[in-house]
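Numbered by my numbering, the letters in the sequence shown go through residues 16 to 81 in order. Where a beta carbon is used, it is the ideal one built from N, C-alpha and C, also for glycine.
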Amino acid sequence: MRPVLSAYDEWTRERPEGELDHPARLYLIDPAGRIPEIYSLALFDERQAFLDIVAVEREARRALRR
Numbered sequence: 016m017r018p019v020l021s022a023y024d025e026w027t028r029e030r031p032e033g034e035l036d037h038p039a040r041l042y043l044i045d046p047a048g049r050i051p052e053i054y055s056l057a058l059f060d061e062r063q064a065f066l067d068i069v070a071v072e073r074e075a076r077r078a079l080r081r
């Protein structure tokens, strides 16, 4: 698990009760493996995420036509 957390620059911290504390983030990853958006779940706007997904899909389709 550590390599994945490190690759996404995520941190974890064990809490006194034994639970893990970590940031609540959602990553949008494009077909090339790039991360165009990182969303904080505390501020997550599903409409904006949808628009971002549509934009990533549109760009991927353009790239296929080249």
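May I have a chain-ordered list of the beta strand (DSSP E) segments no shorter than 3 residues that lie completely inside the region 22 to 58?
-> 40 to 43, 52 to 55
What's the gap between the Cα of R30 and the Cα of H37?
-> Residue 30 sits at position 15 when you count from the first residue of the sequence shown. Residue 37 sits at position 22 when you count from the first residue of the sequence shown. Going by the C-alpha atoms only, they are around 10 Å apart.
Identify whether D60 lies in helix, strand or coil by the three-state DSSP scheme.
-> Position 45 of the sequence shown, counting from 1, holds the residue named residue 60. Three-state result, D60: coil.
When you compare each of A78, L43, A47, A75 to Y54 by their alpha carbons, which one comes out closest?
-> Working through the sequence shown from its first residue, we reach residue 54 at position 39. Ranking the options by Cα distance to Y54, first place goes to L43.
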